[in-house]
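Using my numbering, the first residue of the sequence shown is number 48, and each one after it goes up by one.
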Amino acid sequence: MKALVVGGGGREHALCWALGASPLLDGIICAPGNAGIARDARCVPVAVDDVEGLVALARAEQVGLVVVGPELPLTLGLVDRLAAAGIRAFGPTAAAARLEGSKAFAKAFCARHGIPTAAFATFTDAAAAHAHIRRHGAPIVVKADGLAAGKGVVVAQSVEEALTAADAALGGAFGEAGRTVVLEEFLAGEEASLFALCDGTHALEIGTAQDYKRAFDGDAGPNTGGMGAISPTPALDGSMVERVMGEIVRPTLAGMAAAGAPFRGFLYVGLMLTADGPRLVEYNVRFGDPEAQAVLPRLMTDLGQLVLGALDGALNHMDLRWLPKHALTVVLASRGYPGAHATGTEIRGLDALPTGEDLFVFHAATRRDGDRLLASGGRVLAITGLGDTLAAARERAYAAVDAIDWLEGFCRRDIGWRALARA
Ligand code: AMP
Ligand code: GLY
């Protein structure tokens, strides 16, 4: 059976690589893909928001399975459209994707189902939002309701900052996404993420991770999509994973099923580990990027079999096996990211890297120009090292980073510091 992976980033490269190893699948297509993905899949230039184009591609290629990487096509209803066309697709429907697409929906859902999360209130009116902020005081967290490409959240340290953030969102800084704002209680603690593979009824934990969201060393600089990640994270040991599955993941599946929108796909729960226990910070309805690049190289179980099992509603009969190793992923980005940056700059030295068992180079935004490999976006490469210890994984990843010749790129040098500082 042929499979189509939707997306063109590092996460999708990791998905194509893992699915490509499945004996159940013969031939991976990726839309739109990138120059690195082209080594593991046949890339077809259809954009991730071109829902009709993607349905037409899946039909024309007679694919038996579609796996959707990013949130945008999910919230646009790609999986619904594919299902209507009789094509099996792994990912939530538009109704289920509201867990990520609307923070107001997600918060109200948590409140209804007793899922532990920060206290909150939702506003569309500036005066009412101001009154709430003044009554509550700082710190307080201001969030645009809809998808805002990671820019819609301000952790305000002062009342003034919170008022400004609420005004910006309500005033249209994020378009429609910010016409509703959610004001949240500030949660103190360590952040960690857990991924669950879901079939609508059952959930299997498919990895834990910690990502490094700030652009620069020491967790300084602006928020990004993620500059690196480790997996697994020592912040979530076996008993904490069980708590998160029991207190957050399984009630989420039960609540969505009861609401008539069963959740199938990768569920990403962003957590704050507070003194009072784990609290949900956010849901994402897809795998993390770059967390997938750290998690999937450790997965020994066939991902194709898992995804097809999830589509059959049979995850209760499946189990996961992992390499007993640590993974550490470093993102190489174009200088200036997440702000303005040049593209079309040349990257050299990738072919000489000792990739294989313990070193993986996933491409996030590259294109070929003849023999040259060019950067084509902000986050460009994700380098994953595996090792018996996290320190060994770090050494392997950074040795590869240092062997890459790309003057116009940068990376953080301290990925993993939080976990390594515990040891
Ligand atoms: P979100 O997009 O909801 O994940 O928020 C982005 C980031 O803001 C999170 O990764 C946290 O670092 C921070 N954040 C969000 N909500 C809270 C909260 N209630 N308390 C403290 N930090 C938060
Ligand atoms: N690395 C964070 C995300 O995928 O949203």
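Glycine residues also receive a C-beta, built at the ideal position from the N, C-alpha and C atoms. These figures come from a predicted structure and were not determined experimentally.
Legend entry - Beta-carbon proximity list for Cys157, same chain, < 7 angstroms, skipping 5 on both sides: Thr164 and Leu327
Legend entry - Extent of the continuous beta strand (DSSP E) to which Ile253 belongs: Ala250 to Asp258
Inset, instruction - With distances taken Cα to Cα, identify the nearest neighbour of Ala235 among Ile253, Ala153, Ala322 and Asp264. - result: Ala322
Legend entry - Own chain residues within Cβ distance below 7 angstroms of Gln204, not counting five before or after: Ala185 and Pro186
Inset, instruction - Can you check DSSP and say which residues form a bridge with Gly386? - result: Paired residue(s): none; Gly386 is not in a bridge.
Inset, instruction - Measure how close the beta-carbons of Val52 and Leu66 come, nearest whole angstrom, since I'm counting them as under 8 angstroms. - result: So it is a contact: roughly 7 angstroms between Cβ atoms.
Inset, instruction - Starting from Lys154, follow the alpha helix (DSSP H) in both directions and report where the run begins and ends. - result: That run of the alpha helix (DSSP H) goes Lys150 to His160.
Legend entry - Residues that Met319 bridges to, as DSSP identifies them: Glu238 and Arg326
Legend entry - Buried versus exposed call for Ser286 [16 or more other C-beta atoms within 10 Å across all chains shown]: So Ser286 ends up on the exposed side.
Legend entry - 8 angstroms Cβ cutoff met for Leu283 and Thr255: yes
Inset, instruction - Could you name the residues that DSSP lists as bridge partners for Leu421? - result: Glu393 and Arg414
Inset, instruction - Go to Val200, then tell me how far its beta strand (DSSP E) extends in each direction, as first and last residue. - result: Per DSSP, Val200 belongs to the beta strand (DSSP E) from Val200 to Ala203.
Inset, instruction - Using only alpha-carbon positions, find the residue among Arg419, Leu406 and Gly425 that is nearest to Ala61. - result: Leu406
Inset, instruction - With a cut-off of 8 angstroms on the beta carbons, I'd call Pro325 and Glu289 a contact; round off their distance for me. - result: The beta-carbon separation of Pro325 and Glu289, rounded to 11 angstroms, does not stay under the 8 angstroms limit for a contact.
Inset, instruction - Pull up the DSSP beta-bridge partners for Arg465, would you. - result: According to DSSP, Arg465 bridges with nothing at all.
Legend entry - Assigned exposure category for Met347 - 16 Cβ within 10 Å defines buried: exposed
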